[in-house]
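J.:
Protein chains in written order, with my numbering: chain A, 1207 to 1621; chain B, 64 to 515.
1) Below 6 Å CB to CB, which residues in the same chain sit around residue 76 of chain B once its five sequence neighbours on both sides are set aside?
2) Between the beta-carbon of residue 294 of chain B and the beta-carbon of residue 247 of chain B, is there less than 8 Å?
3) Between the stretch 401 to 421 of chain B and chain A, which residues of the former have CB atoms less than 8 Å from a CB of the latter, in chain order?
4) DSSP state of residue 430 of chain B, grouped into three classes?
5) Is the number of C-beta pairs between the stretch 1368 to 1376 of chain A and the stretch 1486 to 1499 of chain A that are closer than 8 Å three or more?
6) Kindly say whether residue 452 of chain B, judged by its beta-carbon, lies nearer than 8 Å to any beta-carbon of chain A.
7) In chain order, what residues of the same chain have a beta carbon less than 7 Å from the beta carbon of residue 1331 of chain A, not counting five sequence neighbours either side?
8) Flag this pair as touching only if the stretch 373 to 389 of chain B and the stretch 160 to 168 of chain B have three or more C-beta atom pairs under 8 Å; answer yes or no.
9) Residue 1337 of chain A CB to nearest chain B CB: under 8 Å?
10) When you compare the CB of residue 1446 of chain A with every CB in chain B, is at least one pair closer than 8 Å?
11) Along chain B, in chain order, which residues have C-beta atoms closer than 9 Å to that of residue 1259 of chain A?
12) Checking 8 Å against the spacing of the C-beta atoms, do residue 418 of chain B and residue 428 of chain B come in under that value?
13) Here's the rule: buried if 16 or more other CB atoms are within 10 angstroms of the residue's CB, otherwise exposed. What is residue 303 of chain B?
14) Along the chain, where does the alpha helix (DSSP H) containing residue 456 of chain B start, and where does it finish?
15) Give the residues of chain B in contact with residue 1621 of chain A, contact being defined as C-beta atoms less than 8 Å apart.
16) Let me see if you follow: with CB-CB separation under 8 Å, is residue 200 of chain B close to chain A or not?
17) Quick check on the DSSP output: the alpha helix (DSSP H) that includes residue 1518 of chain A runs from which residue to which?
18) Along the beta strand (DSSP E) that carries residue 1538 of chain A, what are the first and last residues, could you check?
19) Would you mind telling me which residues of chain B sit closer than 7 Å to residue 1274 of chain A, beta carbon to beta carbon, in chain order?
20) Give me the Cα-Cα distance between residue 1234 of chain A and residue 103 of chain B, rounded to the nearest whole angstrom.
21) Rounded to a whole number of angstroms, what is the C-alpha to C-alpha distance between residue 457 of chain B and residue 1618 of chain A?
22) With a cut-off of 8 Å on the beta carbons, I'd call residue 423 of chain B and residue 1499 of chain A a contact; round off their distance for me.
23) Below 8 Å, can you find three or more Cβ-Cβ pairs linking the stretch 1286 to 1294 of chain A to the stretch 1540 to 1548 of chain A?
24) In chain order, what residues of the same chain have a beta carbon less than 8 Å from the beta carbon of residue 119 of chain B, not counting five sequence neighbours either side?
25) Look at residue 1480 of chain A and residue 1509 of chain A and say whether their C-beta atoms are less than 8 Å apart.
26) Please classify residue 321 of chain B: does DSSP put it in a helix, a strand, or coil?
27) When you compare each of B:479, B:494, B:509 and B:505 to residue 95 of chain B by their alpha carbons, which one comes out closest?
28) State yes or no: is the beta carbon of residue 1344 of chain A nearer than 8 Å to at least one beta carbon in chain B?
29) Classify residue 450 of chain B as buried or exposed, calling it buried when 16 or more other Cβ atoms lie within 10 Å of its own Cβ.
30) State the beta-bridge partners of residue 1372 of chain A as determined by DSSP.
31) Would you kindly work out how many angstroms separate the C-alpha atoms of residue 416 of chain B and residue 329 of chain B, rounded to a whole number?
32) What residue range is occupied by the uninterrupted alpha helix (DSSP H) comprising residue 250 of chain B?
33) How is the alpha helix (DSSP H) around residue 492 of chain B delimited, first residue to last?
34) For residue 1163 of chain A, does the three-state DSSP call read helix, strand or coil?
35) Of all the CB atoms in chain A, is at least one closer than 8 Å to the CB of residue 427 of chain B?
36) Check the DSSP bridge columns for residue 1439 of chain A and list the partner residues they point to.
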């Protein structure tokens, strides 16, 4: 083949360009630490990196959420432990008051229990991360306040609702104990409704309820069938004299699942507790209809978790002590029940914390795995790259030296 | 034979070798001119005389100065040029498009989508936190800015391509005029018996330049005129040069004859690359991006509208995004002005973040034609990456073919200094020998004269 000087210089320039191109690429990779700078460097690799980064982003958020949740749960645990300490203190004092000798110092005991009560109310109103720990999803007002006359402690009517966080792709976990769960009075309607009964059939149930001063009232719950699998619920509260103090203005609409018989919706939403509040009579309790089932029998029972909340229970005990009346067995039992409830909630929180901790370990491991995968796909083996860079540099020098020696030569040099 | 004949033969020989040296020096002078084809002097024996029953040689003469050129290689180079410049330009343009998306990287849209969903996940932990609400707004702003920037870049690139397309059409018209002019000149010069090699080199170079811009067909007539057609339309010959203009029909860029006609089908050269990217690739990428963003905006708005704000009183039925129209994504201005309007409460309680969790959950929802946002977006990026890689690979392959063809052309038509210097020596020696003959003849005549 006939070789011209232009061909020789073209070969030289071509190979020099290739070497420089490779050297530039290696230098960029070493300085940036990544192999894939743009999708066309490796279309499938780029997609893997995008997906991995997306997952890493998610994991970071879940881990952040777990840390936020753990911090809130730790504060909740601390608050519940503080409340429990005070409750145990009160239980001890109430036990001591069984001793007739101590009954001579009822006023002193009243002071001591009042101190515990104030501390408990204070803790129940405490905040973590700017939120009322027991405020549920309503953060507009303090969960508990003393009434203007100081006789009772009034509960915010909306201290319900779970504060949920996502801690993995599939898991949304609540991080709070609501005020209603721990302090609230919940009347639950348990039992069954007859799906075969005719429209217009009314099932009525009554139960004693108490105001914050300990006065008894009667709660009447009326459940009327309005359509197939549909009912409406109304409530009446009457005092000891038979006077109506409350009638529900709008009935609650219940819809049951025709197949499973479970309550599907309450007023068009997923079932939750309904708060009934009659401020004039210091009545504040919640009704839970979620356990109602539609089967083939009408049998509804109204059960309450407590007659009244712990704060007003203690307030009555204190007022009685100041009036020389020792606590009754029922009152002692109510305080002990509350103590058990606190222990139960502490255990519930412990379980959530354990779940968070396990998932945190899992997510951390996942994070490491994905990061490693990302490194395999996109990371630069710096040592290998440097060796190759050195090699390419040698080749470049060699190529330049050869070109410098051979290119200028022609017959002209020997004439 | 008379002694004077020696003078004649030697004198002619001197002229022939002087001319040969001129051609050689012309070759050497153009050794680095890539458009030049080496020229070769064709010697032949001058017609002999018949005298006294004997044949008397008349020495040497130049029958032709040939341009060493292979028409087949030239045709292959034109074809390879057309393919290479098409693929190479498409590769460059798609590489530019890749940069719009900044993938895979922190500033890429995938990361900003993730940031948007994450911000809602975090807001769910503390739904009434204003800093976290501002963080949602920040994430939404980053996302909308990136979407808008990508769309603006597409629009700007389309305009740039259109401008470049028009410039290239002007370049075609100029080249066609020049080729036509050279056709005319070479015909006239040939007719007058003048050398046309350099003109033909110039014309070949212009034709190669034209083949880099657009797909052409070249034929040569009996007068050695180059007849050029573009997409079947006669563009230039010995008689005229056509003028083309850029045209856009149904969003497709093409060219057509200025005096009428239909748009020409482009299939090679830079013009085809510009048309493909402008008319096919960019609209397809934009459509894909629009689908993703529209599905995303609709899904977020649909969930957000169900939520309640933390204003007093709580408001509902609020869109998070105002609109996504003409490539512009707008976050609801009211939300930008008042973060409390981010409606993530499912029941109106200001501490409820259920809607935030639902919006964050859209990350896993198959809302874009049965795919998640990140999957659909990854497919888009994968498509762009593959397109760029494909064109780069084609360009590299065609470049190799082109290099080999250029080598072949150089091997045949290129100037070798060694070869030319050998010729110089050879012709110089012949010239010296001819001169010496004149001296000899002179001495012979002097000898005869001295005898008288």
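Even for Gly, the Cβ is constructed at its ideal location relative to N, Cα and C.
T.: Reading off the structure:
1) 122, 123 and 497
2) no
3) 408, 410, 412, 413, 414, 415, 416, 417 and 420
4) coil
5) no
6) yes
7) 1338, 1348, 1349 and 1350
8) no
9) yes
10) no
11) 167, 168, 169, 171, 173, 174 and 177
12) no
13) exposed
14) 436 to 476
15) 484 and 488
16) no
17) 1516 to 1528
18) Per DSSP, residue 1538 of chain A belongs to no beta strand (DSSP E); it is in the alpha helix (DSSP H), 1535 to 1584.
19) 188
20) 50 Å
21) 41 Å
22) Going by Cβ atoms, the distance from residue 423 of chain B to residue 1499 of chain A rounds to 34 Å, so no, they are not a contact pair.
23) yes
24) 64, 68, 111, 112 and 113
25) no
26) coil
27) B:479
28) yes
29) buried
30) A:1378
31) 57 Å
32) 193 to 255
33) 480 to 514
34) Residue 1163 of chain A lies beyond the stretch modelled for chain A, which goes from 1207 to 1621, so this question has no answer here.
35) yes
36) A:1429 and A:1458
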